[in-house]
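Enquirer: Note that the working numbering has the sequence shown beginning at 1, numbered continuously upward. Backbone N, C-alpha and C define an ideal beta-carbon position, used for all residues, glycine too. The structure is given below, and queries will be raised subsequently.
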Amino acid sequence: MNELKINAKLNPIVESESNKKTDIYDVAIIGAGPAGLSAALTLNVHNKNIVWFGTNSLSDKVEKSEKIANYAGLDVVSGKELNNKFRKQMKTAGLELTDKMVTQISKNKKGFMVLADNEIYKAKTVLLTIGAVPSKGITNEQELIGRGVSYCATCDGFLYKGKTIAVFCGAQRYEHEVEYLAEIADEVYLYTTYDSKINLPNVEILKKPMKAVLGENKVQGIELTDGTRFDIDGAFFLRSSVAPATILKKLEMDGAHIVVNRNCETNIEGCFAAGDCTGRPYQIAKAVGEGNVAAHKIVEYLSEKE
Ligand SMILES: Cc1cc2nc3c(=O)[nH]c(=O)nc-3n(C[C@H](O)[C@H](O)[C@H](O)COP(=O)(O)OP(=O)(O)OC[C@H]3O[C@@H](n4cnc5c(N)ncnc54)[C@H](O)[C@@H]3O)c2cc1C
């Protein structure tokens with residue numbers, strides 16, 4: 001398993017009433033959609049000390065749903081309304097989200113080290129509720145992680161002072177990261193999946209998507225879907241998710257899905273997964289149900305260990 005070797009600082013744990021002496025969280029939940037929320041609520045009821053990562057907008061998928069008509073207990077509800085209900089429930093339960101993207105997890109004897117932006121969090125168990133994510137990104141992206149491919153502008157941006165980089169920006173909320181990278185790098189080739197308002201002298205907006213990262217031992221270029229190539233020194237992929245096997249090496253996958261058993265256990269001891277990331281059907285009810293199953297299994301696992 002890869003060690004976390006970065007210019008990261010260890011995050012001081014937030015002590016909770018239920019778990020004052022610990023220097024390590026009971027659970028790190030990665031993902032703030034219905035699966036993550038369901039798990040967080042149950043773990044909270046069981047007084048577990050959790051650190052929960054996601055975006056404050058919770059689930060983009062839920063937000064985009066026009067009408068949800070098949071969720072038990074609710075009549076027809078819009079995705080926005082449901083996300084607002086989720087937010088309210090979080091608040092009532094006193095749950096807090098760490099608005100950070102997890103880019104790497106490694107396992108050691110005591111548990112897991114979770115890298116989010118440039119901070120490390122320690123946890124005894126990990127629950128992946130990261131939604132459905134394409135398995136590998138673009139061609140050669142996975143192969144060049146750490147050798148010019150990065151998912152975190154704050155962590156790695158400084159490496160590209162005066163250099164040329166390509167940036168894939170998957171959502172408007174990452175634009176401040178693009179602007180930050182443009183301050184550091186000399187030249188930026190930017191592809192966005194939406195109409196970007198970025199207008200900076202050293203940023204060239206690409207009309208076609210990126211198809212492949214070029215280079216053998218380090219990033220040397222980028223190829224677009226129309227065959228155009230650019231020489232670059234680094235490539236940043238700013239997405240709302242990172243492929244599971246990229247985050248946690250040796251995680252068993254079945255295509256784009258994390259392999260789990262009925263208890264939501266993965267092949268890595270102490271690592272659980274729930275929701276869309278474990279497979280179809282992609283449904284809120286399934287995500288909530290699996291989040292609940294995973295939380296109960298985690299409670300059991302922690303008590304067996306103690
Ligand atoms: C247009 C549309 C309509 C839909 N309509 C319905 C419907 O009517 N009924 C229904 O049941 N389902 C519907 N769905 C499906 C439903 O939205 C999903 O099944 C559900 O949201 C899955 O929940 P999840 O928690 O597994 O994942 P998601 O909701 O995808 O949440 C994943 C979360 O993980 C976060 N995340 C991912 N990677 C990281 C990382 N590395 N670090 C930190 N956070 C991370 C994301 O930001 C997000 O917060 C619809 C989906 C879409 C797109």
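What residue ranges within the region 79-136 form continuous beta strand (DSSP E) runs of no fewer than 3 residues, ordered along the chain?
Expert: Within the region 79-136, the complete beta strand (DSSP E) runs of at least 3 residues are 102-108, 111-116 and 119-128.
Enquirer: Thinking just about the alpha-carbon of each residue, which of ASP276, ASP75 and SER241 is nearest to the one in ILE258?
Expert: Nearest option by C-alpha distance: ASP276.
Enquirer: Confirm the yes/no value for this check: CB of LYS85, any heavy atom of ligand 1, distance under 7 Å.
Expert: It does not: the Cβ of LYS85 is nowhere closer than 7 Å to a heavy atom of ligand 1.
Enquirer: Are there any heavy atoms of ligand 1 lying less than 7 Å away from the beta-carbon of TYR160, as far as the coordinates show?
Expert: False, no ligand heavy atom lies under 7 Å from that Cβ.
Enquirer: DSSP three-state label for ALA256, please.
Expert: Correct three-state label for ALA256: coil.
Enquirer: Rounded to whole angstroms, what's the CA-CA distance from GLU269 to ALA171? Just pull it up for me.
Expert: Answer to the nearest angstrom: the Cα atoms are 33 Å apart.
Enquirer: Taking 7 Å as the cut-off, is the CB of GLN283 close to at least one heavy atom of ligand 1?
Expert: True, at least one ligand heavy atom lies under 7 Å from that Cβ.
Enquirer: Identify which residue in LYS88, LYS122 and TYR71 has its Cα closest to the Cα of ILE29.
Expert: Nearest C-alpha to ILE29: LYS122.
Enquirer: Looking at the unbroken alpha helix (DSSP H) that takes in GLY36, where does it start and where does it end?
Expert: That run of the alpha helix (DSSP H) goes 34-45.
Enquirer: How many whole angstroms separate the CB atoms of LEU97 and ASN56, which I take to be in contact at a CB cut-off of 8 Å?
Expert: Indeed they touch by this definition, with Cβ atoms about 6 Å apart.
Enquirer: Quick one: what does DSSP say ASN7 is sitting in, helix, strand or coil?
Expert: Low confidence applies here, because ASN7 scores a pLDDT of 47, under 50, leaving its location unreliable; read the following figure in that light. In this structure, ASN7 counts as coil in the three-state DSSP scheme.
Enquirer: Are the CB atoms of LYS218 and ILE184 within a distance shorter than 8 Å?
Expert: No; because the gap between Cβ atoms is not below 8 Å, this pair is not in contact.
Enquirer: Please list, in chain order, all residues of the same chain as ASN202 whose beta carbon is under 8 Å from its beta carbon, the five residues on each side excluded.
Expert: If we look at ASN202 and ignore the five residues flanking it on each side, its Cβ neighbours are ALA182, ALA185, ASP186, GLU187 and VAL188.
Enquirer: With three or more beta-carbon pairs closer than 8 Å as the criterion, would you say the region 76-93 touches the region 32-47?
Expert: Touching, yes, given that three or more Cβ pairs across the two stretches are closer than 8 Å.
Enquirer: Tell me where the alpha helix (DSSP H) around LYS297 begins and ends.
Expert: Note, LYS297: alpha helix (DSSP H), 284-305.
Enquirer: Tell me which residue opens and which closes the beta strand (DSSP E) that THR164 is part of.
Expert: Segment 164-169, the beta strand (DSSP E) holding THR164.
Enquirer: Taking all protein chains shown into account, decide if THR92 is buried (16 or more other Cβ within 10 angstroms of its Cβ) or exposed.
Expert: Burial call: exposed.
Enquirer: Can you list, in chain order, the stretches of the beta strand (DSSP E) that have 3 or more residues and sit fully within the region 46-82?
Expert: As far as the region 46-82 is concerned, its whole beta strand (DSSP E) runs of at least 3 residues are 50-53.
Enquirer: Taking the beta carbon of VAL126 as the centre, do at least 16 other beta carbons fall within 10 Å, making it buried, or is it exposed?
Expert: Flag for VAL126 reads buried.
Enquirer: My output table needs one value for ARG184: the three-state DSSP class, helix, strand or coil.
Expert: Note that residue 184 corresponds to Ile in the displayed sequence, not to Arg. Reduced to three states, the DSSP call for ILE184 is helix.
Enquirer: Taking all protein chains shown into account, do 16 or more other C-beta atoms lie within 10 angstroms of the C-beta of PHE158, making it buried, or fewer, making it exposed?
Expert: Label assigned to PHE158: exposed.
Enquirer: Which residues in the same chain as LEU214 place their Cβ atom closer than 8 Å to its Cβ, once the five residues preceding and following it in sequence are excluded?
Expert: Only ASN140, GLN220, GLY221, ILE222, GLU223 and ARG229 meet the Cβ criterion.
Enquirer: State buried or exposed for VAL76, treating a residue as buried only when at least 16 other CB atoms are found within 10 Å of its CB.
Expert: Classification of VAL76: exposed, given that the 10 Å Cβ count is below 16.
Enquirer: Give me, in chain order, the residues of the same chain whose beta-carbon lies closer than 8 Å to that of HIS296; leave out the 5 immediate sequence neighbours on both sides.
Expert: For HIS296, where only same-chain residues beyond five positions count, the Cβ hits under 8 Å are THR42.
Enquirer: What's the gap between the Cα of ILE68 and the Cα of GLY279?
Expert: If you take the alpha carbons of ILE68 and GLY279, they lie about 20 Å apart.
Enquirer: Counting only runs of 4+ residues fully inside the region 211-284, write out the alpha helix (DSSP H) ranges in chain order.
Expert: The region 211-284 contains these whole alpha helix (DSSP H) runs: 244-247.
Enquirer: My assumption, with CB atoms under 8 Å, is that ILE105 sits in contact with ILE247. Please give the rounded CB distance.
Expert: The Cβ separation is near 5 Å, so the contact holds.
Enquirer: Report the rounded CA-to-CA distance for LYS64 versus LYS208, giving the unit in angstroms.
Expert: Roughly 25 Å separates the two Cα atoms.
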